[in-house]
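Q: Numbering (UniProt numbering), first residue to last: 1 to 402.
Even for Gly, the Cβ is constructed at its ideal location relative to N, Cα and C.
Predicted model only: the values in this text are computed from it and were never measured.
Have a look at this one before I ask anything.
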Amino acid sequence: TRLELLPRVEGAKEKVTVKSSSRVKGAHENNISKDQTKPKEPPALVKTVRPVPQAAAVTEKKKLRAADFKSEPHWDFEDKYLLDNSSPPSTCSESVKAKAAKSDWLRDLFLPSIMLFTDKRYFSDSEWNRLEHFAPPYGFMELNYSLVKEVMSLLPPNPHQQLLLANSNMPRCISCAVVGNGGILNNSGMGQEIDSHDYVFRVSGAVIKGYEKDVGTKTSFYGFTAYSLVSSLQTLGHRGFSNIPRGKHVRYIHFLEGARDYEWLKALLLNKNIRKGFLNHYGQRPRERFDEDFAMDKYLVVHPDFLRYMKNRFLKSKSLEKPYWRLYRPTTGAFLLLTALHLCDRVSAYGYITEGHQKYSDHYYDKDWKPLIFYTNHDFNLEKQVWKKLHDENIVKLYQRS
């Protein structure tokens, strides 16, 4: 063992911890032994080989509140994330990860081994203290400790972070289509092309009925927040979106947006009614939205570190420097596209904002033309620039209708 003096965090007390030297891994070290298929312990909190500073116990420091900050707060461990090296590498020489490693822009931004999904192994008091510095969805600031702890305790371990690579038996490139809900898809005729991909990702109000020729019919992953799921069902039920995508091959990607997501997820996991005041007016029992044989091996909860990484490194809006910083977050569709970039070898994006978006209605399923309105909570101009740059760098194939 070795004694390790951890760096001081503002408002925290210094403490000395005793750790086995094998417990702190570098960014390029492996976390499993030859006879293991799962990591023994959660990966080290690292960006490089430096450990993430530990904050003091919850009772020893003032509780952080978003209202106390006039802009997004910054910490010296803000850009350090959980890494995972337990999944097999891609065998595709032209994969997103391979291209990112050669890109002057992405080389230092893209973390191919970042932790994507969380489970019960990745929650502890020290993790609570660390993530309490970040407002949801990037951390636990102002959330209820008992609620978060209970929800995390109900999440079974994920055998692999890179689940597509781990489940692939053929040495080829894994192709993914990520389908947004933009009006550019209306009368596009892209349905067959979308369905030709190995996996298809859809988001929130993923209306298919009546638009099969434009958006396809295949669904492999469905991404959502609790609010985007239940509100889409309520507002689009009469349009054919009467239930979320189902089937034995469909997996779910939940982006935990805030307290209501934890309450909703708790009710889902326990198969109970949701607590009054937390989306209960959209339906009492979340489990009713899923197949009767619902199983958690198909349910993926995105780690707050990965959400913070996507915001920090790809979608860091100027809005975060403003007094209304707390209102901003990337769109759910943006989170889903960037998630696919870290899961797939080749990614094509359809229905995402592009130059000339003014020519199209807000959504492909709109019966009457509606303009895309730029609200404060999202930065569509920034997302448009990032998607275009990813396309120009040949990282993503972005559908841009001429």
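If contact is defined by three or more beta carbon pairs under 8 Å, each pair taking one atom from either stretch, is the stretch 261-269 in contact with the stretch 303-312?
A: No, because fewer than three Cβ pairs between the stretch 303-312 and the stretch 261-269 fall closer than 8 Å, the two stretches do not touch.
Q: Determine the DSSP secondary structure at Tyr365, reduced to helix, strand or coil.
A: Sequence index remark: in the sequence shown, residue 365 carries index 365 (1-based). Reduced to three states, the DSSP call for Tyr365 is coil.
Q: Going straight from the alpha carbon of Lys298 to that of Arg287, what length do you get?
A: Taking the sequence shown and counting its residues from 1, the one referred to as residue 298 is at position 298. Taking the sequence shown and counting its residues from 1, the one referred to as residue 287 is at position 287. So the alpha carbons of these two residues sit roughly 14 Å apart.
Q: What did DSSP end up calling Leu254 once you bin it into helix, strand or coil?
A: Taking the first residue of the sequence shown as 1, we reach residue 254 at position 254. Looking at the sequence itself, residue 254 is His, so the reference to Leu does not match. His254: strand per DSSP, three-state reduction.
Q: For Leu270, name the three-state secondary structure that DSSP assigns.
A: Counting from 1 along the sequence shown, the entry for residue 270 is found at position 270. Reduced to three states, the DSSP call for Leu270 is helix.
Q: Can we say the stretch 210-221 touches the stretch 371-382, given the rule of at least three CB pairs closer than 8 Å?
A: No, the stretch 210-221 is not in contact with the stretch 371-382.
Q: Going by DSSP, which residues form a beta bridge with residue 403?
A: Any question about residue 403 goes unanswered here, given that the chain covers just 1 to 402.
Q: Could you check which residue in Tyr252, Lys359, Pro137, Glu150 has the C-alpha nearest to that of Phe123?
A: As a first step, residue 123 is located in the sequence shown; it is residue number 123 there, counting from the start. Nearest C-alpha to Phe123: Glu150.
Q: Work out the CA separation of Asn273 and Val96 for me, nearest whole Å.
A: On the sequence shown, residue 96 is found 96 positions in, with the first residue counted as 1. On the sequence shown, residue 273 is found 273 positions in, with the first residue counted as 1. Taking the straight line from one Cα to the other gives about 41 Å.
Q: Nearest by alpha-carbon distance to His133: which of Met115, Ala206, Arg65 is it?
A: The residue you call residue 133 lines up with position 133 of the sequence shown. Residue Arg65 is the option with its Cα nearest to His133.
Q: Count the other CB atoms, across all protein chains shown, that sit within 10 Å of the CB of Phe399; report buried if there are 16 or more and exposed otherwise.
A: Looking up residue 399 in the sequence shown gives position 399. Rather than Phe, the amino acid found at residue 399 in this sequence is Tyr. Under this definition Tyr399 is a buried residue.
Q: Out of Glu72, Leu327, Thr354, Val396, point me to the one whose CA is closest to Leu338's CA.
A: The residue given as residue 338 occupies position 338 in the sequence shown. When each option's Cα is compared against that of Leu338, the closest is Val396.
Q: Using the rule of at least 16 other Cβ atoms within 10 Å of the residue's Cβ for burial, across every protein chain shown, is Asn381 buried or exposed?
A: Stepping through the sequence shown from its first residue, residue 381 is reached at position 381. Its Cβ having fewer than 16 others within 10 Å, Asn381 is exposed.
Q: Excluding the 5 residues flanking Gly191 on each side, which residues of the same chain have their C-beta closer than 6 Å to its C-beta?
A: On the sequence shown, residue 191 is found 191 positions in, with the first residue counted as 1. These residues qualify, in order along the chain: Glu212, Lys213, Asp214, Val215, Gly216.
Q: Once DSSP output is grouped into helix, strand and coil, what is the label at Ile244?
A: Walking along the sequence shown from the start, residue 244 turns up at place 244. Coil at Ile244, not helix or strand.
Q: Between which two residues does the alpha helix (DSSP H) harbouring Val207 extend?
A: By one-based count along the sequence shown, residue 207 stands at place 207. Counting along the chain, Val207 falls outside any alpha helix (DSSP H), and DSSP gives it neither H nor E.
Q: Just reading off the alpha helix (DSSP H) that Gly277 is part of, what are its end residues?
A: Mapped onto the sequence shown, residue 277 falls at position 277. Looking at the DSSP string, Gly277 is not in any alpha helix (DSSP H), and its letter there is neither H nor E.
Q: Please tell me whether Arg239 and Val200 are closer than 7 Å, where the distance is taken between their beta carbons.
A: Indexing the sequence shown from 1 puts residue 239 at position 239. Indexing the sequence shown from 1 puts residue 200 at position 200. Contact: no.
Q: Going by DSSP, name the residue or residues bridged to Gly223.
A: Here residue 223 refers to the residue found at position 223 of the sequence shown. DSSP lists Val203, Ile253 as partners of Gly223.
Q: Answer with buried or exposed for Asp84, where buried requires no fewer than 16 other C-beta atoms within 10 angstroms of its C-beta.
A: One-based indexing of the sequence shown puts residue 84 at position 84. By the neighbour-count rule (16 or more Cβ atoms within 10 Å), Asp84 is buried.
Q: Should Tyr324 be labelled buried (16 or more other beta-carbon atoms within 10 Å of its own) or exposed?
A: As a first step, residue 324 must be located in the sequence shown, where it is residue number 324. When all chains shown are included, Tyr324 counts as exposed.
Q: Exposed or buried, which one is Thr225 when buried takes at least 16 other CB atoms within 10 Å?
A: Position 225 of the sequence shown holds residue 225. Classification for Thr225: buried.
Q: For the 8 Å Cβ check, are there 3 or more pairs between the stretch 95-113 and the stretch 136-151?
A: In short, these stretches do not touch, since the Cβ pair count stays below three.
Q: Measure how close the beta-carbons of Leu155 and Val301 come, nearest whole angstrom, since I'm counting them as under 8 Å.
A: Walking along the sequence shown from the start, residue 155 turns up at place 155. Walking along the sequence shown from the start, residue 301 turns up at place 301. The pair is a contact, with the Cβ atoms about 6 Å apart (cut-off 8 Å).
Q: Go through its chain and collect everything with a Cβ distance to Trp128's Cβ below 8 Å, but skip five positions before and after it.
A: For the purposes of this step, residue 128 is taken as the residue at position 128 of the sequence shown. Counting only Cβ-Cβ distances below 8 Å, and skipping sequence neighbours, we find Val58, Phe140, Tyr145, Val148, Lys149.
Q: By the DSSP assignment, the alpha helix (DSSP H) with Lys316 in it spans what residues?
A: Taking the sequence shown and counting its residues from 1, one reaches residue 316 at position 316. Lys316 -> no alpha helix (DSSP H), and no H or E assigned at all.
Q: May I ask which residues mark the beginning and end of the beta strand (DSSP E) holding Lys62?
A: Counting from one through the sequence shown, the residue named residue 62 turns up at place 62. That residue, Lys62, is in no beta strand (DSSP E); it is neither H nor E in DSSP.
Q: Can you give the Cα-Cα distance for Ala100 and Leu343, rounded to whole angstroms?
A: Taking the first residue of the sequence shown as 1, we reach residue 100 at position 100. Taking the first residue of the sequence shown as 1, we reach residue 343 at position 343. When rounded, the distance between both Cα atoms is 13 Å.
Q: Which ranges would you report for the alpha helix (DSSP H) in the stretch 58-108 if only whole runs of at least 4 residues count?
A: Counting only runs of 4 or more, we get 96-102.
Q: Got a sec, what are the start and stop residues for the beta strand (DSSP E) Leu300 sits in?
A: The count along the sequence shown starts at 1 and reaches residue 300 at position 300. Element bounds for Leu300: 299-301.
Q: With distances taken from CA atoms, which of Ser188, Leu268, Ser231, Phe290 is nearest Val250?
A: On the sequence shown, residue 250 is found 250 positions in, with the first residue counted as 1. Measuring from the Cα of Val250, the nearest candidate turns out to be Phe290.
Q: Going by DSSP, name the residue or residues bridged to Val396.
A: Numbered from its first residue, the sequence shown carries residue 396 at position 396. Partner(s): Val347.
Q: Measuring alpha carbon to alpha carbon, tell me which of Gly189, Glu193, Leu233 ends up nearest Val203.
A: On the sequence shown, position 203 is the one that residue 203 refers to. Comparing Cα positions, the closest option is Leu233.
Q: On the DSSP letters alone, give me the boundaries of the alpha helix (DSSP H) that Asp195 sits inside.
A: One-based indexing of the sequence shown puts residue 195 at position 195. Where Asp195 is concerned, the enclosing alpha helix (DSSP H) stretches over 191-195.
Q: I'd like the span of the alpha helix (DSSP H) that includes Asp125, first residue to last.
A: Taking the sequence shown and counting its residues from 1, one reaches residue 125 at position 125. Residues 125-131.
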